[in-house]
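Trainee: Quick note: the sequence shown uses numbering that gives the first Met the number 0, first residue 0, plus one each step.
For glycine and all other residues, C-beta sits at the position ideal for the given N, C-alpha and C.
These numbers were taken from a predicted model, which means no experiment stands behind them.
Next up is a structure, given as structure tokens.
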Amino acid sequence: MIWFLAVVIIFGIVMLAVMSRFGPRRRQPKLNHEYFEQQWIELLARVKTPEGMVLAIIDGDKLLDQALKKRHFKGKTMGERLVSAQREISDNDAVWYAHKLRNRLVHEPNVRLKKKEAQTALTGFRQGLKDLGAL
């Protein structure tokens, strides 16, 4: 009798573990596509000057972080949220490049931003936003 109860309890625990692992997934919240599209268009309008490129990269980083938060990715910092979202993002290296460039621009004085770096970063942010369903 005790063996039977032990087997039933163990079977129940195993079934709960399997169901929680392979059970129905929570639906990801939909993002306001129009909002993110409008913000992206405004961001691109700033790229005409070197100062505008810096601001565009900073704003691109903020926009991506907003999308990560709205999709409920876990983490206290954007870096932690990017790690949580890595399976959703098709080119993690490009997004991380863009985020690290933003950090350099904000935290290191006298950083010279090259046009090619800005283009690469904005491309990374754009792809990340697309992957998250924001664009």
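Which residue wins for smallest C-alpha separation from residue 93, given the options 63, 29 and 45?
Mentor: Cα-wise, what sits closest to residue 93 is 63.
Trainee: Which residue from 106, 108 and 122 puts its Cα closest to that of residue 95?
Mentor: Measuring from the Cα of residue 95, the nearest candidate turns out to be 122.
Trainee: How big is the Cα-Cα spacing for residue 100 and residue 120?
Mentor: Near 7 angstroms, if we compare the C-alpha coordinates of residue 120 and residue 100.
Trainee: Answer yes or no: do residue 132 and residue 68 have a C-beta to C-beta separation smaller than 8 angstroms?
Mentor: No, the pair does not count as a contact, with Cβ atoms beyond the cut-off.
Trainee: Compare the C-alpha of residue 112 against each of 13, 11 and 52 and name the closest.
Mentor: Ranking 13, 11 and 52 by Cα distance to residue 112 puts 52 first.
Trainee: Ordered along the chain, which non-local residues of its own chain (more than five positions away) have a Cβ less than 8 angstroms from that of residue 89?
Mentor: Answer for residue 89: 126 and 130, listed in chain order.
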